[in-house]
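**Student:** Handing you a structure now.
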Ligand code: ATP
C-alpha cells in the first residue's frame, strides 16, 4: 500500500503584496483519511488548499500532492483529484444533472450518477439550470461534481456550509463511503462538531501556520483537564474526598453546594471514586455531569478566538 502521504506541504509561504497569508506552513495528510483544515477567518486555509490544487504558486516551500508538483505536474495531477470550489467553476446556464453526467463521462471509473443524484437529493433539479438552483442545491451539486470522477484525493471547501441537517447527514455519509473506497478527503469546515464526527485527523491553522495537529481525540485529551460536576449540601469536607482521588486530581466548591472535580484522565474509575465517597459520606450527588473537552474548547484555547467570527 501507499506509504507516501497524499499531501505533503513543507515551509509553505504565500504573500499577496505585503500581506503574508501563509507563513511557513507544514502539513501532512495521510492517504485514505478524512482530514480537516480548520482555522479562524483569514488564517490561510483557502490559500493553502488552492496551492495544493495547483491554482496558486508558492513563494517559498514545497508542496507535493500524490507525489507530484501541483503546478509543474498539473496535467497529470488534475484527473486524479476532485475539487469542490465554494463558488464558480460551473457554467451558470448549464443544466444541473446533465453537467454531472458530462463530468462523469470524462472519467474512466465514475461513480453511478443516478445513485449520487438520489443520495444528495438532487433528483428534482434534473433540467434546472445551475443559476436557478437554491444555494443548498448548488452546494450539493458542487460536491457531486468534485467526487463523481472517483478521485484519489478530494478537496472539499466547507461542504456542508448552510445545508439543512438532512443534507448535512447525507454529505457525511457520502464522505464516509468515499473513505471506505480508499479516497483521501480533505475538508475545510467551520463546524467543529463536524470535524470531531467525521475526521480522522484535524489541523488547526492560525496566522498562516499549522499550530496543532492530531486526531480529534488526541487534541481533546491534551491540555486542560476534563471535569466532573455535582451539586450537594454546602460545605462538604473536600479534604477527605481528595484523599481518595489519584494524585493530580483536584476538588473545589465553586459556589455553595456546587462542586467540581478535575482530573486527567477523567475515566469511569474516577467517577466511581467520587460517587463512592458520596455514598460513604451520605451525600446524594445531584446534577452529576462529566464534561469532556470539545474540539471547540481546544480551538478557543489555542487561537483565543471563536471559529465563527
Ligand atoms: P476564511 O475562513 O475566511 O475563508 P482562510 O483561512 O481561508 O479564511 P485565506 O482566504 O487563505 O484564509 O486568506 C488569508 C489571508 O490572505 C487573509 O488575510 C486574506 O485577506 C488574504 N488574501 C487572500 N486572498 C487574497 C488575494 N487574492 N489578495 C490579497 N489578499 C488575499
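In the numbering used here, the protein residues as written are 12 to 320.
Every residue gets a Cβ at the ideal spot worked out from N, C-alpha and C, and that includes glycine.
No experiment lies behind these values; they were computed from the predicted model shown.
Is it the case that the CB of residue 298 approaches a heavy atom of the ligand ATP more closely than 7 Å?
**Tutor:** One-based indexing of the chain shown puts residue 298 at position 287. Flag unset: Cβ of residue 298 not near the ligand ATP.
**Student:** Less than 7 Å separating the Cβ of residue 27 from some heavy atom of the ligand ATP?
**Tutor:** Translated into the one-based positions of the chain shown, residue 27 becomes position 16. Residue 27 Cβ: within cutoff of the ligand ATP.
**Student:** Taking the beta strand (DSSP E) that residue 71 belongs to, which residues open and close that run?
**Tutor:** For the purposes of this step, residue 71 is taken as the residue at position 60 of the chain shown. 71 to 76 is the span of the beta strand (DSSP E), which, as asked, contains residue 71.
**Student:** Around the Cβ of residue 320, are there at least 16 other Cβ atoms within 10 angstroms (buried) or fewer (exposed)?
**Tutor:** On the chain shown, residue 320 is found 309 positions in, with the first residue counted as 1. Note that residue 320 scores a pLDDT of 45, beneath 50, so its modelled location is shaky and nothing firm can be said.
**Student:** Leaving aside the five residues before and after residue 115 along the sequence, list all residues of the same chain whose C-beta is less than 8 Å from its C-beta, in chain order.
**Tutor:** Here residue 115 corresponds to residue number 104 of the chain shown, with the count starting at 1. Excluding positions up to five away in sequence, the list reads 121, 122, 124, 159 and 160.
**Student:** Would residue 90 pass as a contact of residue 24 if the rule is Cβ separation under 8 Å?
**Tutor:** Here residue 90 corresponds to residue number 79 of the chain shown, with the count starting at 1. Here residue 24 corresponds to residue number 13 of the chain shown, with the count starting at 1. Going by C-beta atoms, residue 90 is not nearer than 8 Å to residue 24.
**Student:** Could you check whether residue 272 and residue 239 sit closer than 8 Å to each other, using their CB atoms as the reference points?
**Tutor:** Here residue 239 corresponds to residue number 228 of the chain shown, with the count starting at 1. Here residue 272 corresponds to residue number 261 of the chain shown, with the count starting at 1. Closer than 8 Å, so yes.
**Student:** Should residue 39 and residue 16 be called a contact, given that it needs their Cβ atoms to be closer than 8 Å?
**Tutor:** If you number the chain shown from 1, residue 39 lands on position 28. If you number the chain shown from 1, residue 16 lands on position 5. Yes, the pair counts as a contact, with Cβ atoms nearer than the cut-off.
**Student:** Give every residue whose Cβ lies closer than 6 Å to any heavy atom of the ligand ATP, listed in chain order.
**Tutor:** The set, ordered by position in the chain, is 27, 30, 32, 50, 52, 53, 54, 55, 56, 57 and 58.
**Student:** So what's residue 95 in DSSP terms, helix, strand or just coil?
**Tutor:** As a working mapping, residue 95 is identified with position 84 in the chain shown. Three-state result, residue 95: strand.
**Student:** Are residue 88 and residue 96 close, meaning C-beta to C-beta below 8 Å?
**Tutor:** As a working note, residue 88 is residue 77 in the chain shown. As a working note, residue 96 is residue 85 in the chain shown. No; because the gap between Cβ atoms is not below 8 Å, this pair is not in contact.
**Student:** Return the bridge partner residues of residue 164 from the DSSP annotation.
**Tutor:** As a first step, residue 164 must be located in the chain shown, where it is residue number 153. DSSP, once it has assigned bridges, lists 92 and 195 as partnering residue 164.
**Student:** Can you tell me the Cβ-Cβ gap for residue 227 and residue 213, rounded? I've got them flagged as a contact below 8 Å.
**Tutor:** As a working mapping, residue 227 is identified with position 216 in the chain shown. As a working mapping, residue 213 is identified with position 202 in the chain shown. At roughly 6 Å, the Cβ-Cβ gap stays under 8 Å, so residue 227 and residue 213 are in contact.
**Student:** Taking the straight line between their C-alpha atoms, what separation do you get for residue 151 and residue 225?
**Tutor:** Taking the chain shown and counting its residues from 1, the one referred to as residue 151 is at position 140. Taking the chain shown and counting its residues from 1, the one referred to as residue 225 is at position 214. Cα to Cα, residue 151 sits roughly 28 Å from residue 225.
**Student:** Given this structure, state the Cα-to-Cα distance separating residue 206 from residue 292, to the nearest angstrom.
**Tutor:** Locating residue 206 in the chain shown gives position 195, where the first residue counts as 1. Locating residue 292 in the chain shown gives position 281, where the first residue counts as 1. Taking the straight line joining both Cα atoms gives about 42 Å.
**Student:** Using only the alpha-carbon positions, how far apart do residue 268 and residue 244 sit?
**Tutor:** Taking the first residue of the chain shown as 1, we reach residue 268 at position 257. Taking the first residue of the chain shown as 1, we reach residue 244 at position 233. Roughly 5 Å separates the two Cα atoms.
**Student:** Which whole-angstrom value is the C-beta distance of residue 154 and residue 167, which I expect to be below 8 Å?
**Tutor:** Along the chain shown, one-based indexing puts residue 154 at 143. Along the chain shown, one-based indexing puts residue 167 at 156. Going by Cβ atoms, the distance from residue 154 to residue 167 rounds to 7 Å, so yes, they are a contact pair.
**Student:** Ignore the nearest five residues each way along the sequence and tell me which others in residue 248's own chain have a CB closer than 8 Å to its CB.
**Tutor:** Within the chain shown, residue 248 is the residue found at index 237, counting from 1. Answer for residue 248: 292, listed in chain order.
**Student:** Considering only the beta carbon of each residue, do residue 139 and residue 106 sit closer than 8 Å?
**Tutor:** Taking the chain shown and counting its residues from 1, one reaches residue 139 at position 128. Taking the chain shown and counting its residues from 1, one reaches residue 106 at position 95. Yes; because the gap between Cβ atoms is below 8 Å, this pair is in contact.
**Student:** Check the DSSP bridge columns for residue 237 and list the partner residues they point to.
**Tutor:** Indexing the chain shown from 1 puts residue 237 at position 226. Paired residues: 274.
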